[in-house]
Amino acid sequence: MKKKHFSVLVILLLLTGCSSKQLDDVNWKFWEYFTDDKTEEVVEETPIEEEAVEEEEPPQESPETEAPPETNENQYVLEEPFFTVLNEEKVIENTENMLVLVNKNQSLPADYVPSDLTIPDVPFSFEGDYEKKYLREEAARALEEFFAAAEADNIEIFAVSGYRSYETQYGIYNTYLKKWGEEKTNAVSAIPGHSEHQTGLAMDISSRSAALDLTEEFGETPEGLWAKEHASEHGFIIRYPQDGEVITGYQYEPWHLRYVGKEVAAYMDEHDLTLEEFFDRAIKQ
210 MKKKHFSVLV ILLLLTGCSS KQLDDVNWKF WEYFTDDKTE EVVEETPIEE
260 EAVEEEEPPQ ESPETEAPPE TNENQYVLEE PFFTVLNEEK VIENTENMLV
310 LVNKNQSLPA DYVPSDLTIP DVPFSFEGDY EKKYLREEAA RALEEFFAAA
360 EADNIEIFAV SGYRSYETQY GIYNTYLKKW GEEKTNAVSA IPGHSEHQTG
410 LAMDISSRSA ALDLTEEFGE TPEGLWAKEH ASEHGFIIRY PQDGEVITGY
460 QYEPWHLRYV GKEVAAYMDE HDLTLEEFFD RAIKQ
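Start counting the sequence shown at 210; every next residue gets the next number (our numbering).
Here it is as structure tokens:
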């Protein structure tokens with residue numbers, strides 16, 4: 210701006226006819242005013258850039274996975290195939306299930322025969338080849354271990370009755386029905402199709418001390434007491450325990466062993482459960 214004023218002044222002097230001498234007489238000190246190198250600093254305001262606001266992305270939903278079932282000490286996690294499947298008539302459909310639940314409320318098909326029946330290598334209370342010598346393969350091998358453990362403890366037991374067909378149960382039930390009537394018969398014998406013996410997973414046992422009979426007294430013999438204490442170690446349970454009639458529907462049968470496998474048997478023994486109570490606690494994995 211100062212330089213612009215100076216230029217205008219010089220032009221005016223020349224236009225007004227000032228001589229060179231007159232120009233020489235001009236006090237050029239005022240030049241300092243116009244030639245001062247100090248310039249006004251022009252501060253340009255830098256526009257404040259607005260900070261970019263990042264848009265928050267909505268949380269990505271993780272793929273849905275099936276949450277594990279919640280459990281507590283009163284529940285047992287069990288794989289789905291081990292639960293009993295019934296049709297509308299409450300007849301069991303998955304009959305080969307090793308934990309199949311047969312009772313007064315649900316039955317096996319009349320024509321069901323286990324596909325893997327075999328005779329366990331144990332002492333029997335009778336001679337001859339009868340169907341009641343048979344068990345399903347896995348149960349038969351477990352029974353052999355059970356009898357071997359008993360022998361090692363100087364306990365002598367005998368197998369009395371295993372697999373029983375629908376037709377055989379029909380004959381037994383009707384014999385008892387004629388002899389005792391319906392109420393007593395239903396307390397000790399199953400209606401055909403409702404017998405655990407038809408599963409091939411149950412074996413009745415006895416001892417010489419119980420005259421090889423199937424009686425409640427067997428439970429008080431050394432052999433009966435040993436069987437109750439050690440059954441679960443080999444995968445068996447006393448299917449119809451003392452004071453369990455209100456749950457199972459049958460009187461106390463200390464001789465009736467049912468195979469369920471070592472893990473389930475140990476759990477049931479620890480919690481003092483019937484098979485019905487076990488399934489009340491079981492949840493699907």
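Where is the CB? At the ideal position from N, CA and C, for every residue including glycine.
Note that the coordinates shown come from a computational prediction; the quantities given were computed from them, not determined experimentally.
Item	Value
If I measure Cβ to Cβ from residue 255 and keep anything under 7 Å in the same chain, skipping five residues before and after, which residues do I get?	Only weak support is given to the placement of residue 255: the predicted model assigns it a pLDDT of 48, under 50, and the value that follows is read from those uncertain coordinates. None.
Provide the residue(s) that pair with residue 449 in DSSP beta bridges, ordered along the chain.	462
With a 10 Å radius around its C-beta and 16 neighbouring C-beta atoms as the bar for buried, classify residue 342 as buried or exposed.	buried
On the three-pair Cβ rule with 8 Å, is the region 458-477 touching the region 434-442?	yes
Roughly how many angstroms separate the alpha carbons of residue 494 and residue 329, rounded to a whole number?	33 Å
For residue 322 and residue 432, what's the separation of their Cα atoms in angstroms?	31 Å
Which residue from 354, 304 and 366 puts its Cα closest to that of residue 325?	304
Quick one: is residue 384 buried, meaning 16 or more other Cβ sit within 10 Å of its Cβ, or exposed?	exposed
Using beta-carbon positions only, say whether residue 402 and residue 348 come within less than 8 Å of one another.	no
Rank 292, 358, 307 and 374 by C-alpha distance to the C-alpha of residue 443 and give the top, closest one.	358
Between which two residues does the alpha helix (DSSP H) holding residue 455 run?	454-457
Which residue marks the beginning of the alpha helix (DSSP H) containing residue 349, and which one marks its end?	346-361
Where does residue 412 fall in DSSP's three states?	strand
Skipping 5 residues on each side, what residues in its chain have a beta carbon closer than 6 Å to that of residue 409?	323, 326, 344, 345 and 372
Using a Cβ-Cβ cut-off of 6 Å (strictly less than) and excluding sequence neighbours within five positions of residue 459, which residues of its own chain qualify?	449
In chain order, what residues of the same chain have a beta carbon less than 6 Å from the beta carbon of residue 366, not counting five sequence neighbours either side?	359, 414, 416 and 432
Report, in whole angstroms, the separation of the C-beta atoms of residue 374 and residue 407, which I expect to be a contact under 8 Å.	7 Å
Could you name the residues of the same chain whose beta carbon sits closer than 8 Å to that of residue 334, not counting the 5 residues immediately before and after it, in chain order?	367, 368, 369, 415 and 421
For residue 487, is the classification buried or exposed, using 16 other Cβ atoms within 10 angstroms of its Cβ as the cut-off for buried?	buried
Using the Cα positions of residue 297 and residue 309, report the straight-line distance between them to the nearest angstrom.	17 Å
Once DSSP output is grouped into helix, strand and coil, what is the label at residue 243?	The predicted model places residue 243 with a pLDDT of 45, which falls under 50 and marks its position as unreliable; any figure quoted below should be read in that light. Three-state DSSP puts residue 243 in a helix.
Measuring CA to CA, which of 468, 476, 430 and 396 is closest to residue 453?	396
Check whether the Cβ atoms of residue 394 and residue 382 sit closer than 8 Å, and answer yes or no.	yes
Could you tell me if residue 472 is buried or exposed, where buried requires 16 or more neighbouring beta carbons within 10 angstroms of its beta carbon?	exposed
Helix, strand or coil: which one does DSSP assign to residue 255?	In this predicted model, residue 255 has a pLDDT of only 48, less than 50, meaning its place in the structure is not dependable enough to derive any value.
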